[in-house]
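A.B. asks:
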Amino acid sequence: MTISAERPTDTVATSATPPSSGSGVSRSQRPGWLSQHLGTAIILAIVGYAFGHWLGNYISGNYPYIVNSGQNSISATLGLTFGIVGWLLGIGALNYPLAKLVGKSAPDEVEVLGWSKYFRYSTDHKVVGLQYVVGVLMFMFTGGLLAMAIRTELLSPTTHVFGPGTYIEIVSEHGTIMMMMATSLVVGPLGNYFVPLMIGARRMAFPRIEAFSFWIFMAGYMVIFSALPMGGFTTGWTGYAPLQNQNGPGMTGYLLGFAVIGLGMMAAGFNTAVTIINYRAPGMTWSRVPVFVWGILSTAGLLTLATPVLFSAGLFGLLDRCVQTAFYVTMHGGSSYLWQDLFWFFGHPEVYIMALPGFGIVGEIIPVFARKPLFAYKISAAGMIGVALLSFFVWQHHLFQSGINPDMRPLFMLTTELISIPTGFIFLVGMGTLYRAKIKFEVPMLFCMAVFFNFLIGGITGVFLSDVPVNVTVHGGFFVLSHFHYTIMGGLLFAFMAGIYYWLPKMTGRMMNKKLGLIHFWMMFIFFNLTFFPMFIIGLLGQPRRVFMYAQNLQGLNDFASISAFILGASFIVFAANLFWSLWINPEKAPANPWNSLGLEWQTANPVPFHNFDRIPVIMNDPYHYSEEGATALADLGGGATVGSTTSESNPA
Amino acid sequence: MTDTFKGSNAPTSTPEEAEFELRAHLGSVWTGGRLFIGMYTFMLASLAFSYFYLRSSNNAQLWRPNHITAPTYYGFFIYALLLLAAILAVYGQWRLRKGGVADWQVAGWTGVGCGLLALFLQIWEFTKVPFYPGSSGYASTFIGFAVMNIGTIVIGTYWLETTLARSLRMRKEIGGKDPELSNNPSAQSFRANVSSMTYFWGYIALTSTLFLFMFYLM
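Chains as they are written, first to last, in numbering that gives the first Met the number 0: chain A, 0 to 652; chain B, 0 to 217.
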């Protein structure tokens, strides 16, 4: 039997499952504060940490090298590991894997009512999406505060707020938290929430793996953050050996944190990729898949295949610290370059893990506000796949300066330059869509336009940096720093904001305040550029990264960048205020389809029902036929009710 | 991989929709099994890369002083057990397709035994290695391999054991029929899971052969 537009309407009587407030639900989903939830997770994490730390000391407290060094990486590692296990046990992530040992089946996925579901191990992709929103905002807030501390220190080359050690620890923690946050910034919140809605699915393929990815992601956040109270680490976010081996217990937090978040990234990528491949609604051929889903699929591929290498690199680093192997110790037969190779084999695809979902968001949003079909849709999808594939062949450009065979440099220079071609495809798709369009400058659209502006600067400087002579000249300085902030913050974070302003009405049923949104946008856009553009100049004038002292003649530019950064930071307070204002203080009910989008996610009821669609939609067209008279409707939602045609633009829902 | 089919249970589901969801689920188990192998390959490839990188670098002439290796007989025995478990998994699935439910279960539980014994030996081997973990590049990568191999064996054995345990319990749930032969959606899901699990055991056999050569014979 297949589902077609003309289908019977008999329902499966036995499959009805009413919303539950308790009975027949797994323990982790059961309401009531005595069952498993965030509170039990925290308690068991603390107990687990204490036990693991004690165990580590018990096992290894008398080892000579530990007594002599005064540092016990074994107890730190065991403490954090048992803490993570306690966390997962407390939240209920291990219930099903343990129950499987005796052959029990998976618990039913039923709707849990009330706020408590957001503090539990939920298998509803919409709940997980919102949990991720809060999670990534926590990452962003913490990393942002550390950025403010960095800029405060750089206000003066001679008067210091922090010592040099503390400064580099702050820089390292800022970089690590932000990079880890950025890997899940879109895939986590928006990918989990909207991919099933956009492909016409009622659920994710593996809902427990989806929930696991979020809760292990949060465990990774706490592990990485624990590095600070454990003395921090001084390697920057790249964790280079041999400095890595010389660092204290804080480095354990870094390595384990990376490995743990790596697990979360693999789980998220795996589940998302499988869902997109298998759960597309009937009629949703690959040429009708929304461009945002293409962005998430290519990212999921990278997450699934590149992150295991990061996991291994972190594991080897932990073995070096805990059992005295010598993977990264050159004098004992290892190699510090090995870390660089493994790290960047993940690290460069990671750049595209961060960029591709942003491209997807922009590609999804601009046709809505340009009221034009997406220009060269297939080129856009091909560009994303091309970027994802090529990203595995460029990692050595990070080693141009650190000992790569000079004969290898031209090859990796070429592959790095090649990747600008599919990236350019995506850029041109955006420009083609905007060409001669009557653009509606709503807040999400403004953020999309900013992505193009920022990414152009970040991308072009990236082409410069791929050239060996330029790379050798500006390596390790503020020029590079500014380049990657333009691509990651200017590209991804602006795209994320576009996505939040665009999709939050669907997620929460509330409209964001437009006036506050505009203030947020202009503050963020102007002061982002005023913060980071001067850093290109600072870098060309020779200021190195990660050093808290600098030449006196650079103070003016640094002060300008610092003050701009403070206002940039303040723009996030405006965003937070907008969230509180729009969601709780003065909530304004969102229309069913406030942007008149043709996207499938807007065609379902608001708020989105537990099962997303009453009937699995039959897809009849791609969702970009704006202003095309006579275009086929997007989908049949059952009973002959078609949605998503231009004739129904005024209120398609 | 999940071995029970849970549709969306939407109250408005039609029979075609339920069947569509079942097909999507079976496809997910198939895709997930193969994607998991792809993911695992990248992880093991990073170990192989480390091995050859350090071997070719031979820093401080400390790749493998005096050509010392981990105890070969342990390596062979662990390898033989994993190979046997993989062969039993493949044989069991072959018999299952022919209706030999008992054969599959006997082969499966024997495979679990092999996996547990291999796990014990892989851990025990740590006490028998004739080198300090950081004494050479070889020693370091061997310790890394052993840790990863413990993880691999745990995953493979867990997957096999949970599949077998599920088949015993499912019999009651689907009215006393053999889940291996029933047309019930959960039984179909179960068989898709058996297929992915068998594939993974084949993969374990393949990679074990590769690492046997690298760490014990080369």
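Idealized CB from N, CA, C, for every residue including glycine.
1) For the candidate residues Met488/A, Val367/A, Gly89/A and Arg614/A, whose alpha-carbon lies nearest to that of Pro226/B?
2) Say whether chain A places a C-beta atom closer than 7 Å to the C-beta of Phe41/B.
3) Which partner residues does Ala634/A have in the DSSP bridge list?
4) Report the residue from Ile364/A, Ala436/A, Met353/A and Gln339/A whose alpha carbon sits nearest the alpha carbon of Trp395/A.
5) Run through chain B and tell me which residues come within less than 7 Å of Ser311/A, C-beta to C-beta.
6) With 16 other CB atoms within 10 Å as the buried threshold, where does Ser12/B fall?
7) Determine the chain A residues that contact Thr208/B at a beta-carbon separation under 7 Å, and present them in chain order.
8) According to DSSP, is Lys437/A helix, strand or coil?
9) Which chain B residues sit within Cβ distance under 9 Å of Gly332/A?
10) Quick check on this structure: which residue in Ala191/B, Ser207/B, Ala186/B and Ser166/B has the alpha carbon closest to the alpha carbon of Leu100/A?
11) Within a Cβ cutoff of 6 Å, which residues of the same chain sit near Met179/A, ignoring the five residues on either side of it in sequence?
12) Using 8 Å as the cut-off, can you tell me whether the stretch 603-620 of chain A makes contact with the stretch 629-640 of chain A, which would need three or more C-beta pairs spanning the two stretches below that distance?
13) Can you find a C-beta in chain B that's less than 7 Å from the C-beta of Pro307/A?
14) Span of the alpha helix (DSSP H) holding Gln554/A?
15) Is it the case that the Cβ atoms of Tyr739/A and Pro348/A are separated by a distance below 7 Å?
16) What residues from the stretch 264-294 of chain A come within 8 Å of chain B, judged by C-beta to C-beta, listed N to C?
17) Could you pull the start and end residues of the alpha helix (DSSP H) that Met534/A belongs to?
18) Between Ala591/A and Val367/A, what straight-line distance do the alpha-carbon atoms span, to the nearest angstrom?
19) Between the stretch 185-202 of chain A and the stretch 283-291 of chain A, are three or more C-beta pairs nearer than 8 Å?
20) Please tell me whether Ala49/A and Ile90/A are closer than 7 Å, where the distance is taken between their beta carbons.
21) How many angstroms separate the CA atom of Ile295/A from the CA atom of Gly538/A?
22) Using CA coordinates, which residue listed in Leu77/A, Pro606/A and Leu302/A is at the minimum distance from Val322/A?
23) Using a Cβ-Cβ cutoff of 8 Å, what residues of the stretch 183-201 of chain A are near chain B? List them in chain order.
24) Between the stretch 466-486 of chain A and the stretch 419-427 of chain A, are three or more C-beta pairs nearer than 8 Å?
25) Which of the three DSSP states, helix, strand or coil, is assigned to Lys171/B?
26) Three Cβ pairs or more, each shorter than 8 Å: is that satisfied between the stretch 448-468 of chain A and the stretch 491-511 of chain A?
27) With Leu242/A as the anchor, note down where its alpha helix (DSSP H) starts and where it stops.
28) Is there contact between the stretch 395-408 of chain A and the stretch 355-369 of chain A, where contact requires at least three CB pairs shorter than 8 Å?
29) What's the call for Tyr62/A, buried or exposed, on a 16-neighbour Cβ count within 10 Å?
30) Which of helix, strand or coil does DSSP assign to Val185/A?
31) Could you spell out where the alpha helix (DSSP H) holding Asn56/A opens and where it closes?
32) Compare the C-beta of Gly26/B against all C-beta atoms of chain A and say whether one is closer than 7 Å.
33) Can you round the beta-carbon distance between Gln551/A and Pro156/A to whole angstroms, since I take them to be within the 8 Å contact cut?
34) Met221/A lies in the alpha helix (DSSP H); which residues open and close that run?
35) Enumerate in chain order the residues of its own chain whose CB-to-CB distance from Ala632/A is below 7 Å, with the five nearest sequence positions on each side excluded.
36) Does the stretch 227-235 of chain A come within contact of the stretch 318-336 of chain A, defined as at least 3 CB pairs closer than 8 Å?
C.D. replies: Based on what the coordinates show:
1) Lying outside 0 to 217, the shown extent of chain B, residue 226/B is not represented and no answer is given.
2) Yes, Phe41/B counts as interfacial toward chain A.
3) Answer by DSSP bridge pairing, in chain order: Ile618/A and Val642/A.
4) One point to set straight first is that residue 395/A is Gln, not Trp, in the sequence displayed. The option with the nearest alpha carbon to Gln395/A is Gln339/A.
5) Under the 7 Å cutoff, chain B gives Met42, Ser45 and Leu46.
6) It is buried - the Cβ of Ser12/B has at least 16 other Cβ atoms within 10 Å.
7) Per Cβ cutoff of 7 Å: no residues; Thr208/B is ~20 Å from chain A at best.
8) Three-state result, Lys437/A: coil.
9) For Gly332/A, the residues of chain B that pass the 9 Å Cβ criterion are Leu53, Ser56, Asn57, Asn58, Ala59, Gln60, Leu61, Trp62, Arg63, Pro64, Gly133, Ser134, Ser135, Gly136, Tyr137, Ala138 and Ser139, in the order they occur in the chain.
10) Minimum Cα distance to Leu100/A is reached at Ser166/B.
11) Setting aside the 5 residues that flank it on each side, Met179/A is surrounded in the same chain by Ile260, each with a C-beta closer than 6 Å to its C-beta; the list follows chain order.
12) Three or more Cβ pairs closer than 8 Å define a contact, and the stretch 603-620 of chain A meets that threshold against the stretch 629-640 of chain A.
13) Contact with chain B is found for Pro307/A, since one of that chain's Cβ atoms lies less than 7 Å from the residue's Cβ.
14) Gln554 to Phe579 is the span of the alpha helix (DSSP H), which, as asked, contains Gln554/A.
15) No information on residue 739/A is available, as it lies outside the stretch 0 to 652 that chain A covers here.
16) Here the close residues are Met265, Phe269, Ala272, Val273, Thr274, Ile276, Asn277, Tyr278 and Pro281.
17) Per DSSP, the continuous alpha helix (DSSP H) segment holding Met534/A begins and ends at Lys513 to Leu539.
18) For Ala591/A and Val367/A, the distance between alpha carbons rounds to 15 Å.
19) Contact holds: three or more Cβ-Cβ distances are below 8 Å.
20) Going by C-beta atoms, Ala49/A is not nearer than 7 Å to Ile90/A.
21) CA-to-CA, the gap between Ile295/A and Gly538/A works out to about 34 Å.
22) By alpha-carbon distance to Val322/A, the top candidate from Leu77/A, Pro606/A and Leu302/A is Leu77/A.
23) Against chain B - using a Cβ distance shorter than 8 Å - the residues of the stretch 183-201 of chain A are Ala200 and Arg201.
24) Using a C-beta cut-off of 8 Å, the stretch 466-486 of chain A makes no contact with the stretch 419-427 of chain A, since fewer than three inter-stretch Cβ pairs fall below that distance.
25) Lys171/B carries a helical assignment under DSSP once its states are collapsed to helix, strand and coil.
26) These segments touch.
27) Per DSSP, Leu242/A belongs to the alpha helix (DSSP H) from Leu242 to Gln245.
28) Cβ pair count under 8 Å is below three, so no.
29) The Cβ neighbour count for Tyr62/A, taken over all protein chains shown within 10 Å, is under 16; the residue is labelled exposed.
30) Note: Val185/A maps to coil in three-state DSSP.
31) Asn56/A -> alpha helix (DSSP H) spans Leu37 to Ser59.
32) Gly26/B counts as touching chain A.
33) Between Gln551/A and Pro156/A a beta carbon distance of about 6 Å is seen, short of the 8 Å cut, so the two are scored as contacting.
34) Segment Pro206 to Ser225, the alpha helix (DSSP H) holding Met221/A.
35) Correct list, in chain order: Met619, Asn620, Thr641, Val642, Gly643 and Ser644.
36) Not touching, per the Cβ criterion.
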